[in-house]
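Written below as structure tokens is the structure these notes are about.
Number of protein chains: 2
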Amino acid sequence: MKAYKIPEATVMRLSVYSRYLQQLLEEKVETVSSGEIARGVGVSSAQVRKDLAYFGEFGTRGVGYRVEELFGHLMNILGLDQQWNVIIVGAGKLGCALARYQGFRERGFQICAILDNDPAIVGEKVDCLQIESLDKLKKLVHEYDIKVGIVTVPAEAAQDVTDQLIESGVKAILNFSPRVLKVPADVILRNVDLSVNLEVLSFNLTYNG
Amino acid sequence: MKAYKIPEATVMRLSVYSRYLQQLLEEKVETVSSGEIARGVGVSSAQVRKDLAYFGEFGTRGVGYRVEELFGHLMNILGLDQQWNVIIVGAGKLGCALARYQGFRERGFQICAILDNDPAIVGEKVDCLQIESLDKLKKLVHEYDIKVGIVTVPAEAAQDVTDQLIESGVKAILNFSPRVLKVPADVILRNVDLSVNLEVLSFNLTYNG
DNA sequence: GACTGTGAAGCCATTCACAGCT
DNA sequence: AGCTGTGAATGGCTTCACAGTC
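The structure is reproduced here in structure tokens:
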């Protein structure tokens, strides 16, 4: 079970498979074939088998996969057999929405704090959380042993906030700001660029539509 | 300028380049080289040139690109020389946050309506918009000539809402629900799966961290 | 001298096809 | 007979390297 060089696309699909299996699990389905998973999530069955093969042999030839077992393996592989504490920097509309988003909690991501540098909103409630001052960043990261940070500040502030997160010891960053961030090699960065997604739609509407 | 088969990755990068150029434009920079763009957005200079080459020859050998001109070309290519009217279905936390997100408006995406099927919240204000009943979908899509829909409903309702959007005439869908959606071949679908993104971080923290 | 545009090479992911189990 | 696991083939994106232009 070595992660020598797993394609990122494979990791993303594993996450999707795991949610599909969770659904099957709730429906009390006991076994599933690669073909069924494939149809369920919209990829090819060979793709499903190849993706799983990076991590071991989880199935039985002639039969398929035991749903509960495969689900367990996938959650393990994804590192979701533990809770991850998460901090959000930027308590604007998006930051607050993410702080309240149930989908994260359901998959083991616990939003422990939401920060902002605007004194006018520090102290306001976001569900059961209270918006904290940016000064508290380092303290909170240590207190909750936070490895994952979410950046939802405006573009101008994004690099500065990112540097502070890394300086505080955060090891992985999910960036929602529309700015390309520089991070050291040992910090993992992912960008979720909302406008880019709409713009790809716009492109396709314009040229294929 | 034919979009025979443009890699999706290229289109996403064009969107990023265009924002970088916008920044340069505001800083009154007149010309820029592929190397500078590359450094600015974190790709290779060959990549920048290849991406642009799909659409024409925009530069001058020995000099580089005129910022304003290239920016114009990119906005054109991306279909952002026009306004796109957008409808959001699902007025939960995320839907409301997206409805208020300024980044969309700045790039020419106008959120014209936000709908929900929960009578308890229909009529509530989201900035200057009012949450409308789902019944009004078709009427609103026609009224505003809407081509783009954003789905921010819970997983269970996602396919149903998607079908209704398509039935109403929407041609492109940005799906934020954690459900794989089926759409006809002539409808463009993109998924923004927030949990998947965190789970890729979790995977990398577990195996490379 | 500097930088673009591009064919060729290299690399990586997906698909194919079949041997190997049950 | 049915389905997994996998080497080989394919296809597609990225990088290289250099000819062409200013």
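Protein sequence lines, in the order shown, are assigned to chains A and B.
Just so you know, this note's numbering puts the end of the first sequence at 229, numbered straight through with nothing missing.
Just so you know, this note's numbering puts the end of the second sequence at 229, numbered straight through with nothing missing.
Cβ atoms here follow ideal geometry from the backbone N, Cα and C, with glycine treated the same way.
>> For a contact defined as C-beta to C-beta under 9 Å, what are the partners of I97/A on chain B?
In response: Numbered from its first residue, the first sequence carries residue 97/A at position 77. Here the neighbours are F223, T226 and Y227.
> Which residues share a DSSP beta bridge with K145/B?
Replying inline: Counted from its first residue, the second sequence places residue 145/B at position 125. According to DSSP, K145/B bridges with Q150/B.
> Are the CB atoms of T182/B and L114/B nearer to each other than 9 Å?
Replying inline: Translated into positions along the second sequence, residue 182/B becomes position 162. Translated into positions along the second sequence, residue 114/B becomes position 94. Taking 9 Å as the Cβ cut-off, T182/B and L114/B do not qualify as a contacting pair.
> In three-state DSSP terms, what is V103/B?
Replying inline: Locating residue 103/B in the second sequence gives position 83, counting from the first residue. The sequence given here places Gln at residue 103/B; Val does not occur at that position. It is coil, neither helix nor strand.
> Quick one: which chain A residues come within Cβ less than 9 Å of I208/B?
Replying inline: For the purposes of this step, residue 208/B is taken as residue 188 along the second sequence, with counting starting at 1. Correct list: V220, L221, N224, L225, N228 and G229.
>> Tell me which residues share the same chain as R120/B and place their Cβ nearer than 7 Å to its Cβ, disregarding the 5 neighbours each side in the sequence.
In response: Within the second sequence, the letter at position 100 stands for residue 120/B. Counting only Cβ-Cβ distances below 7 Å, and skipping sequence neighbours, we find V146 and D147.
>> So that I know if they touch, is there some Cβ in chain B lying closer than 9 Å to that of V31/A?
In response: What you label residue 31/A is simply residue 11 of the first sequence in a count that begins at 1. Output row for V31/A: interface = yes.
>> Does chain A have any CB closer than 9 Å to the CB of E28/B?
In response: Position 8 of the second sequence, counted from the first residue, corresponds to residue 28/B. Judged by the 9 Å Cβ criterion, E28/B is in contact with chain A.
>> With a threshold of 9 Å between beta-carbons, can N137/A be considered close to chain B, or not?
In response: Walking along the first sequence from the start, residue 137/A turns up at place 117. Among the residues facing chain B, N137/A is not included, as its CB has no counterpart in that chain under 9 Å away.
> In three-state terms, what does DSSP make of A205/A?
Replying inline: As a working note, residue 205/A is residue 185 in the first sequence. It is coil, neither helix nor strand.
>> Suppose the cutoff is 8 Å on Cβ atoms and the five residues either side in sequence are ignored; what does the same chain contact list for Q67/B look like?
In response: Your numbering for residue 67/B matches position 47 in the second sequence. Closer than 8 Å at Cβ, skipping near neighbours: R33 and A58.
> Quick one: which chain A residues come within Cβ less than 8 Å of Q113/B?
Replying inline: To locate residue 113/B, count along the second sequence from 1; it is residue 93. The question names Gln, yet the displayed sequence has Lys at residue 113/B. Chain A residues near K113/B: C116, A117, R120 and Y121.
>> Can you pull the chain A neighbours of G62/B, defined as C-beta to C-beta under 9 Å?
In response: If you number the second sequence from 1, residue 62/B lands on position 42. Residues of chain A passing the Cβ test: V200, L201 and K202.
>> Rounded to the nearest angstrom, what separates R39/A and G143/B at their Cα positions?
In response: What you label residue 39/A is simply residue 19 of the first sequence in a count that begins at 1. What you label residue 143/B is simply residue 123 of the second sequence in a count that begins at 1. Near 34 Å, if we compare the C-alpha coordinates of G143/B and R39/A.
> Rounded C-beta distance between L185/A and V61/A? I'm assuming under 8 Å.
Replying inline: As a working note, residue 185/A is residue 165 in the first sequence. As a working note, residue 61/A is residue 41 in the first sequence. About 33 Å; that fails the 8 Å criterion.
> Would you say E187/B reaches chain A, if we count a Cβ-Cβ gap shorter than 9 Å as a contact?
Replying inline: To locate residue 187/B, count along the second sequence from 1; it is residue 167. E187/B does not count as touching chain A.
> Tell me, which residues are paired with I193/A by DSSP?
Replying inline: Here residue 193/A is taken as the residue at index 173 of the first sequence, counted from 1. Partner(s): G169/A and L209/A.
> Under a three-way DSSP split, which group does L225/B fall into?
Replying inline: As a first step, residue 225/B is located in the second sequence; it is residue number 205 there, counting from the start. Looking at L225/B - three-state DSSP - the assignment turns out to be helix.
> Applying a beta-carbon distance threshold of less than 7 Å, which residues of chain A neighbour V49/B?
Replying inline: If you number the second sequence from 1, residue 49/B lands on position 29. By Cβ distance, chain A contributes nothing, its closest Cβ being about 17 Å from V49/B, past 7 Å.
> Taking Cβ-Cβ distances shorter than 9 Å, what residues in chain A pair up with F75/B?
Replying inline: Here the question's residue 75/B lines up with position 55 in the second sequence. Within chain A, no residue has its beta carbon less than 9 Å from that of F75/B; the closest one is some 10 Å off.
> Does the stretch 203-213 of chain B touch the stretch 193-207 of chain A, meaning 3 or more C-beta pairs lie closer than 8 Å?
Replying inline: no
> Which residues in the same chain have their Cβ closer than 6 Å to the Cβ of A230/B, if we skip the five residues on either side of it in sequence?
Replying inline: An answer regarding residue 230/B cannot be provided, because it is not within the stretch 21 to 229 covered by chain B.
>> Considering just the uninterrupted stretch of the alpha helix (DSSP H) at F124/A, what are its terminal residues?
In response: The residue given as residue 124/A occupies position 104 in the first sequence. Looking at the DSSP string, the run of the alpha helix (DSSP H) that includes F124/A is Q122 to E126.
> Taking buried to mean at least 16 other C-beta atoms within 10 Å of its own C-beta, is K22/A buried or exposed?
Replying inline: Indexing the first sequence from 1 puts residue 22/A at position 2. For K22/A, the predicted model reports a pLDDT of 44, less than 50, meaning its position is unreliable; a value from the coordinates is still stated below. It counts as exposed.
>> Between V106/A and V49/A, how many whole angstroms is the CB-CB distance? I'm expecting something under 8 Å.
In response: Sequence index remark: in the first sequence, residue 106/A carries index 86 (1-based). Sequence index remark: in the first sequence, residue 49/A carries index 29 (1-based). Going by Cβ atoms, the distance from V106/A to V49/A rounds to 31 Å, so no, they are not a contact pair.
> With burial defined as no fewer than 16 other Cβ atoms inside 10 Å of the residue's Cβ, what is the status of R127/A: buried or exposed?
Replying inline: Translated into the one-based positions of the first sequence, residue 127/A becomes position 107. Buried, by the Cβ-count rule.
>> Taking the alpha carbon of V168/B as the reference point, which residue from F75/A, K156/A, I97/A and L221/A has its own alpha carbon closest?
In response: Locating residue 168/B in the second sequence gives position 148, where the first residue counts as 1. For the residues F75/A, K156/A, I97/A and L221/A, the minimum Cα distance to V168/B belongs to L221/A.
> Would you call the CB atoms of L160/A and C116/A closer than 9 Å?
Replying inline: Taking the first sequence and counting its residues from 1, the one referred to as residue 160/A is at position 140. Taking the first sequence and counting its residues from 1, the one referred to as residue 116/A is at position 96. Result no, Cβ atoms of L160/A and C116/A do not sit closer than 9 Å.
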